[in-house]
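Taken in order, these protein sequences are the chains called A and B.
In this text, residue positions in the first sequence follow the numbering used here: the first is 1, and each later residue adds one.
In this text, residue positions in the second sequence follow the numbering used here: the first is 191, and each later residue adds one.
Note that CB positions come from ideal geometry on N, CA and C, so glycine has one too.
Treat the numbers as computed from the prediction; the structure is a model and nothing was measured.
Following: one structure in structure tokens, then a few remarks.
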Amino acid sequence: MASELIKKNKIHPQKMYLYAGLGSIVMMFAGLTSAYIVKKSQANWLDFELPKLFFIATVVILLSSFTMQMAVKKAKEGLLNPYRGFLSVTAILGVVFMILQVQGFMELQANNIALTGPRSNSAASFLFVITILHLLHVLGGVIALIGVSFKSFSAKNNTENTLPVELLSTYWHFVDILWIYLFVFLHWIG
Amino acid sequence: MSHEAVLHGHDSHGHDEHGHHEHHDTFLTKYVFSQDHKMIAKQFLITGMVWAVLGGLMSVLFRLQLGYPDASFPWLESLLGKWAKGGQITPEAYYALVTTHGTVLVFFVLTAGLSGTFANFLIPLQVGARDMASPFMNMLSYWFFFTASVIMLSSLFVETGPFSGGWTAYPPLSALHDASPGSKTGMDLWIISMALFVVSSLLGGLNYIATILNMRTKGMSMTRLPLTIWALFFTAVLGVLSFPVLLSGMILLIFDRNFGTSFYLSDIYVNGVGALSNEGGSAILFQHLFWFLGHPEVYIILLPAMGMVSEIMSVNSRKPIFGYMAMLGSLFAIAILAFLVWAHHMFVTGLNPFLGSVFVLLTLLIAVPSAIKVFNWLTTLWRGNIRFTPGMLFAIGFVSLFISGGLTGIWLGNAALDIYLHDSYFVVAHFHIVMGVASMFGMFAGVYHWFPKMYGRYLNNSLGYIHFWVTIAGAYLIFWPMHYQGLAGMPRRYFDFSIWESFKQFAELNRFISTVAMIVFATQILFLINFFYSIFKGRKVTVLNPWEANTLEWTTPINPGHGNWPGEIPEVHRWPYDYGKDGHDFIPQTTPVGADETGTH
């Protein structure tokens, strides 16, 4: 079905599907951050510092975007081993990001800032909900990364069709940029 | 996937359902887990019809209460059990019925049933594609909807009853387990069902967008698309951009319900519970998030109907659609404005009056593209060689209802009037006519018009005419009087008006409305009989293009297989509305432009 189309169109339909999907994810977080702004302007708002681990997590996910891009480059050049390597490193960095974030939540709770429950302030709850939802999107990316990595190790000639890894890298960069936005938002605006 | 593998060159000798195929589709892959957009469309349609019957039945039940508040119907107790003790519907059951009726009709029937059916069916056929951009995601979209349906259905049978806080699910009724019986398990099931429904809508909407943008056949430029496709495109864009915001709002609601957060809940006092331990939450915040979807949702429901009506009107007037680019521009304008008017649902929440006046202005602006569309439909009919098929009648009925309901929108869009009319029967009348019944008419128009393409048979025309005339007369008889009731101050959502001195004058009228509602509901059963009978026994379609239409779906075999065209996908040479041109009654899109042909539109 797809081969007929690639001739005429530069963008593969599944890429278009993904782009539109990214648009809808943007709207989800736009909704949440707008709600955050509205709520912040009302009474009873708790100001607190973001956990330090979030800063490290930000560096980690930035780094993973670089390795992801390298993986795509190697896939396009047909270099299988570096491709496998960069892909695996990206997956590992993704997992590290998630662990750092969860530990960041623990850091907050250790500082007596409740994220949920009757003692919680919606400032902390917002931080929690927004980051958890972003984390779920990262988790989706990590699962896809692990899947593509496994495939790269199992089959023999698998750099021919680079569409899956291209889609994955678009998504991964998006999740990265989304986090940068959320981080900047939560740190400076929030 | 190669299409040769999925093509079965069907022809018209019937029994195609049991015919011989080159490859073997099992019952499971052909009818259940099908990835063929046409089968998925039928799945959406039939599931939507099941919900329409259930939702309609609910309205009959609560109209029974409103029309006959003092009567007792023993059969009701045997039908509803403890929800109708002594043959009278309990207040809890009444609210549960109203809530489920709203949720089901707005989301399951007029969103999934309408755009799920026709976007799936028409987009690949009319743009000239073998299938959707991702047939697999398309299949998932249906099954998410199906699962959402099953969960919503199951909520009708839990001990504490289905959710009863209104289809808008405002907190605190939706956020507090103890607020009402329906706020317990019923609400849990409601919210899970709606979350799955949002996923279904997104998976579908993304597919529609990608297919329209990337899978058009050769020659099918964007301005050669039928208006149905343009309408479905804007519908999908609206859904993809607004449903995630509802999901955000519902996720915060889930946290308030289950994890003790204070997004929407504050230290309010609840009877039997005492003061809540929550602090500083704002219920209005939910309303903003809800209506940011809720208003575009109105257009998600309405635009597909508008698109289909444009197409059906042009075909059956044997005239080009009047003002194609204006139609397209007004669809675009409506889609943009849809995102900028949500707070007109919130004029009485204590909204800043300055902000309110901005929303008034933006709301009233919608009258401009709406009027453009109405005038274009009327001028399409003007001096046309009109064929009054049932599909065409429903299309004209749509325009009638859209005008009647749209005019009251100008009233309600004014904050000054809305503050008086808010939460009255005037609002009920307005949105049922302009959104509910009008879109339902669009859906009927679509079913009557494309039934021959869906099933290779015709619907019975005589039953179609009875169906149309009773339904249009009934729709006006039900909802027109409600305007007067609303002007007299009769509020919505009341279980029993007979105890209010000021509304006793409406007892007669309420009984009348209820009686008409039952007659109209019974007439829909006639349509159901027509529909299911005709699938199997209807008059067979013997020509490729029974309506003599220009669009691509009529170039496929009478019963197209998966892949739609047995050979090459046809090339498109012109726009779809060359009717009555140069002495030709119609010129299909696949006909090359002749050397001596007059200029195009």
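Exposure of residue i, with buried meaning 16 or more beta-carbon neighbours within 10 Å
{"i": "H752 (chain B)", "result": "buried"}
{"i": "L251 (chain B)", "result": "buried"}
{"i": "S614 (chain B)", "result": "buried"}
{"i": "M412 (chain B)", "result": "exposed"}
{"i": "V184 (chain A)", "result": "exposed"}
{"i": "K232 (chain B)", "result": "buried"}
{"i": "G788 (chain B)", "result": "Checking the displayed sequence, the identity of residue 788 (chain B) turns out to be Thr instead of Gly. It is exposed - the Cβ of T788 (chain B) has fewer than 16 other Cβ atoms within 10 Å."}
{"i": "K459 (chain B)", "result": "Inspection of the sequence shows that residue 459 (chain B) is occupied by Tyr rather than by Lys. Its Cβ having fewer than 16 others within 10 Å, Y459 (chain B) is exposed."}
{"i": "F578 (chain B)", "result": "exposed"}
{"i": "I399 (chain B)", "result": "buried"}
Boundaries (first-last residue) of the alpha helix (DSSP H) holding residue i
{"i": "G770 (chain B)", "result": "First-last for G770 (chain B): Y769 to K771, but that is the beta strand (DSSP E), not the alpha helix (DSSP H)."}
{"i": "D321 (chain B)", "result": "Here D321 (chain B) belongs to no alpha helix (DSSP H), and DSSP marks it neither H nor E."}
{"i": "F687 (chain B)", "result": "Segment: none, F687 (chain B) is in no alpha helix (DSSP H) and carries neither H nor E."}
{"i": "T418 (chain B)", "result": "L417 to N448"}
{"i": "P264 (chain B)", "result": "P264 to L270"}
{"i": "Y171 (chain A)", "result": "L163 to V184"}
{"i": "L716 (chain B)", "result": "A697 to K727"}
{"i": "H478 (chain B)", "result": "A473 to S507"}
{"i": "Q103 (chain A)", "result": "L80 to A110"}
{"i": "T58 (chain A)", "result": "K52 to E77"}
{"i": "A605 (chain B)", "result": "A605 to L611"}
{"i": "S547 (chain B)", "result": "P543 to L555"}
{"i": "D378 (chain B)", "result": "T375 to N404"}
{"i": "K40 (chain A)", "result": "P13 to K40"}
{"i": "I143 (chain A)", "result": "S122 to S154"}
Nearest-angstrom beta carbon gap, residue j and residue i [assumed within contact, 8 Å]
{"i": "S122 (chain A)", "j": "F453 (chain B)", "result": "6 Å"}
{"i": "K116 (chain A)", "j": "F480 (chain B)", "result": "Contrary to the premise, residue 116 (chain A) reads as Thr rather than Lys in this sequence. The pair is not a contact, with the Cβ atoms about 22 Å apart (cut-off 8 Å)."}
{"i": "S472 (chain B)", "j": "K39 (chain A)", "result": "7 Å"}
{"i": "V430 (chain B)", "j": "D368 (chain B)", "result": "No, V430 (chain B) and D368 (chain B) are not in contact; Cβ-Cβ is about 36 Å, not under 8 Å."}
{"i": "G470 (chain B)", "j": "G31 (chain A)", "result": "About 20 Å; that fails the 8 Å criterion."}
{"i": "G246 (chain B)", "j": "I759 (chain B)", "result": "So it is not a contact: roughly 40 Å between Cβ atoms."}
{"i": "P164 (chain A)", "j": "M405 (chain B)", "result": "The Cβ separation is near 20 Å, so there is no contact."}
{"i": "I576 (chain B)", "j": "S507 (chain B)", "result": "5 Å"}
{"i": "A365 (chain B)", "j": "L475 (chain B)", "result": "So it is not a contact: roughly 11 Å between Cβ atoms."}
Opening and closing residue of the beta strand (DSSP E) in which residue i lies
{"i": "F774 (chain B)", "result": "The question names Phe, yet the displayed sequence has His at residue 774 (chain B). Run containing H774 (chain B): H774 to F776, per the beta strand (DSSP E) assignment."}
Any C-beta of chain A under 8 Å from that of residue i
{"i": "N754 (chain B)", "result": "no"}
{"i": "F549 (chain B)", "result": "no"}
{"i": "N310 (chain B)", "result": "no"}
{"i": "E469 (chain B)", "result": "yes"}
{"i": "I502 (chain B)", "result": "no"}
{"i": "N839 (chain B)", "result": "Lying outside 191 to 791, the shown extent of chain B, residue 839 (chain B) is not represented and no answer is given."}
{"i": "L346 (chain B)", "result": "no"}
{"i": "A400 (chain B)", "result": "yes"}
{"i": "S452 (chain B)", "result": "yes"}
{"i": "L475 (chain B)", "result": "yes"}
{"i": "H792 (chain B)", "result": "Residue 792 (chain B) lies beyond the range of chain B shown here (191 to 791); nothing can be said about it."}
{"i": "F482 (chain B)", "result": "yes"}
{"i": "H478 (chain B)", "result": "yes"}
{"i": "M405 (chain B)", "result": "yes"}
{"i": "G439 (chain B)", "result": "yes"}
{"i": "F445 (chain B)", "result": "yes"}
Cutoff 8 Å: residue i Cβ touching any chain B Cβ
{"i": "S120 (chain A)", "result": "yes"}
{"i": "L163 (chain A)", "result": "no"}
{"i": "G141 (chain A)", "result": "no"}
{"i": "G117 (chain A)", "result": "yes"}
{"i": "P13 (chain A)", "result": "yes"}
{"i": "M1 (chain A)", "result": "Caution applies to M1 (chain A), whose pLDDT of 44 falls short of 50 and renders its modelled position unreliable; the model cannot decide the point."}
{"i": "L133 (chain A)", "result": "yes"}
{"i": "S149 (chain A)", "result": "no"}
{"i": "S152 (chain A)", "result": "no"}
{"i": "S88 (chain A)", "result": "no"}
{"i": "S64 (chain A)", "result": "no"}
{"i": "S125 (chain A)", "result": "yes"}
Residue-chain proximity (residue i, chain D), Cβ-Cβ < 8 Å
{"i": "V129 (chain A)", "result": "The question asks about chain D, but that chain is absent: this structure's protein chains are A and B."}
Residue i beta carbon near the ligand FAD (any heavy atom closer than 7 Å)
{"i": "T732 (chain B)", "result": "The ligand FAD is not among the ligands present in this structure, which contains no ligands whatsoever."}
Positions along the region 15-43 of chain A whose CB lies within less than 9 Å of some CB in chain B: K15, M16, Y17, L18, Y19, A20, G21, G23, S24, I25, V26, M27, M28, F29, A30, G31, L32, S34, A35, V38, K39, Q42 and A43
Residues from the region 420-437 of chain B in contact with chain A, defined by Cβ distance under 9 Å: For the region 420-437 of chain B, the beta-carbon criterion of a distance under 9 Å to any beta-carbon of chain A is satisfied by A426, V427, G429, V430, L431, S432, F433, P434, V435, L436 and L437.
For the region 380-394 of chain B, enumerate the residues whose C-beta is nearer than 8 Å to any C-beta of chain A, in chain order. L392
Cβ-based contacts, 7 Å cut-off: residues of the region 523-536 of chain B near chain A: Cβ contacts with chain A: none found.
What residues from the region 318-336 of chain B come within 9 Å of chain A, judged by C-beta to C-beta, listed N to C? A319, R320, D321, M322, A323, S324, P325 and M327
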